[in-house]
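Following: one structure in structure tokens, then a few remarks.
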Amino acid sequence: MLNLYNTLTAQVEEFHPLDNKHVRMYVCGPTVYDYAHIGNFRTFVFADLLRRYLKFKGYELTHVMNITDIEDKIIKRANEDGADFREFTTKYINLFFEDWDALGLERPEQIIRATDCIDDMVAIIKRLEANGLTYNSDGSTYYRIAGFNGYGKLSKINFEGNIAGGSDRVDADEYEKENVRDFVLWKAAKPGEPSWETEIGAGRPGWHIECSAMSMKALGETFDIHAGGIDLVFPHHENEIAQSEGATGKPFVKYWVHSEFLLAEGEKMSKSKGNYYTVRGLVDQGFSHRAIRYMLLSAQHLKQFNFTMEGLRGAESTVARLKDFRLRLGEAKCNPGSNPAMPVLSKRAQQRFEAALDDDLNVAEALAAIHDFVREVNIALADGTLKADNQTEMLKVVAKFDSVFNIFGEAKQEMLDDEIQALVDERQAARKAKNFARSDEIRNLLAEKGIVLEDTKDGMRWKRK
Ligand code: AMP
Ligand code: ZN
């Protein structure tokens, strides 16, 4: 049974989805105005682990993630670039998913851009209006916190005191408000900003309403898991609850799951502090995506941890060892038959792995189970006690572990000449079409398989390293 810490109840709880077999999960996605940093990716890698483990436990899953593609910083940057905001954000969305895929994250079932859901946001604001929870000021619409009883139930902040805000995620948009805690649902149109003509006036949505609208549209008015980084608890998620429950009168989310910060030199890694590293920056320094993934996964999500180059170098040698182990296990010429001690070993490792992850995703213990398993199987490989039947079984166990962690690297597969040629042709076509993202992707894929490309006067040639 999976146990998860729920920010809403402030307790570790047994996980029981609302619908027995099917889990509905929403994760707050990126704001796309620049490259994401590895702190952002800590949150997404954590969500990927949760996603994969839910599937490992046999649940069906609908995982939804939004893309915040309209927001103050986006508008500012797009205007500075003289770009249409939609084109500007599309560029950063594509770059974001290049990193996403390279880090071995699975794509959610649905990825939704905020600006594709304006009507849904307006519909919720109208419901809130009908419930007396909004007011207008200078053409903008605000949420009246005083009208919602449960405000503060997620963040446990006592609003009786004199609290002016939360973290650096407090809305930058301060217009005319009745109460300092009230937040904007709909911002009146301003010159130089994108806006939509709607029943509640011309304008654009506030940040918080986006997630209420997109999550309920995709998953229904009540769903199982809502996840994101810890800085989103207040005000973003507190406001999402106020909006969603204020509109529907139903509980919004059963389990709120938050992951802690990745730090750099003891402080939260963030764009504004400048103490951040991007995935591609680290890859340019020679690190592999798999090592970055391993490093981001290696601490339990409720624990902060410090990013260091030394830690990343350690992750690099660990993933190299795991990859090497899988290759050797696959290629070993084992004697026929079966050693009865081996299934005992593999069962123990699997039980330990699952018990650890059931315990609020205790990754440190689950990884320890994997490393001990690798060590023991290595010994059996070396002394010949691993037989052919055990070898097949052990490869399956590795694949099972890897369905959750995705850290062992590809099982070795020689690429056939035809497959290589097809990719080379596709790359040529992509380059012609100026689809450089795809062209780079293919080059990297081939490089991983040890295929080198050469531009000759007769066209592109490939050879094995
Ligand atoms: P943003 O693109 O700023 O909207 O952030 C995307 C996600 O990254 C959110 O869930 C944030 O909570 C999360 N995040 C931002 N900084 C960090 C950090 N240093 N460590 C972990 N998660 C972070
Ligand atoms: Zn959100």
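Mapping of the sequence shown onto our numbering: position 232 corresponds to residue 527, and the numbering continues sequentially without gaps. Beta carbons are placed, not taken as given, at the ideal position from N, Cα and C, and that holds for glycine.
So what's residue i in DSSP terms, helix, strand or just coil?
i, result
"R608", "helix"
"T603", "coil"
"F620", "helix"
"A586", "helix"
"Y767", "Nothing can be reported for residue 767: it is not among the residues displayed for the chain, which extend from 296 to 760."
"T338", "helix"
"Q306", "strand"
"T517", "coil"
"L557", "strand"
"A615", "helix"
"E562", "strand"
"I458", "Bear in mind that the predicted position of I458 carries a pLDDT of just 44, short of 50, making it too unreliable to give a figure here."
"A522", "strand"
"V639", "helix"
"G745", "coil"
"G541", "helix"
"E401", "coil"
"V431", "Correcting the residue identity first, residue 431 is Asn in this sequence and not Val. The answer is strand: DSSP assigns N431 an E or B state."
"Y330", "coil"
"T384", "helix"
"E535", "helix"
"E492", "strand"
Determine which residues share a DSSP beta bridge with residue i and list them.
i, result
"N361", "I407"
"R317", "Before going on, a small fix: residue 317 reads as His here, not Arg. Bridge partners of H317: D314 and E355."
"M755", "D750"
"F478", "Y438"
"L299", "E308"
Taking only heavy atoms of the ligand AMP into account, decide whether any of them is closer than 7 angstroms to the Cβ of residue i.
i, result
"L337", "Going by the sequence as given, residue 337 is Arg instead of Leu. Yes, the Cβ of R337 comes within 7 angstroms of a heavy atom of the ligand AMP."
"S554", "yes"
"L592", "no"
"D526", "yes"
"G569", "no"
"M564", "yes"
"G561", "no"
"L557", "yes"
Using the beta-carbon count (16 or more within 10 Å), is residue i buried or exposed?
i, result
"L356", "buried"
"E535", "buried"
"L313", "exposed"
"S462", "Low local confidence applies: a pLDDT of 40 at S462 is under 50, so the model's placement there is unreliable, and no value is given."
"F731", "exposed"
"A559", "buried"
"K760", "exposed"
"A459", "With a pLDDT of 46 at A459, under the threshold of 50, the modelled position of that residue is not reliable, and no figure is offered here."
"N701", "buried"
"E749", "exposed"
"K563", "buried"
"P325", "buried"
"T429", "buried"
"K482", "buried"
Are the CB atoms of residue j and residue i within a distance shorter than 8 angstroms?
i, j, result
"R499", "E488", "yes"
"A542", "I419", "yes"
"A508", "M320", "no"
"R575", "D394", "yes"
"M553", "T302", "Met is not the amino acid found at residue 553; the sequence shown has His there. Yes."
"V747", "K729", "no"
"D655", "L299", "yes"
Using only the heavy atoms of the ligand ZN, determine whether one of them is closer than 7 angstroms to the beta carbon of residue i.
i, result
"G632", "no"
"H317", "no"
"C323", "yes"
"G501", "no"
"H531", "yes"
"E534", "Strictly speaking, residue 534 in this sequence is Asn, with Glu absent from that position. No."
"C506", "yes"
"G523", "yes"
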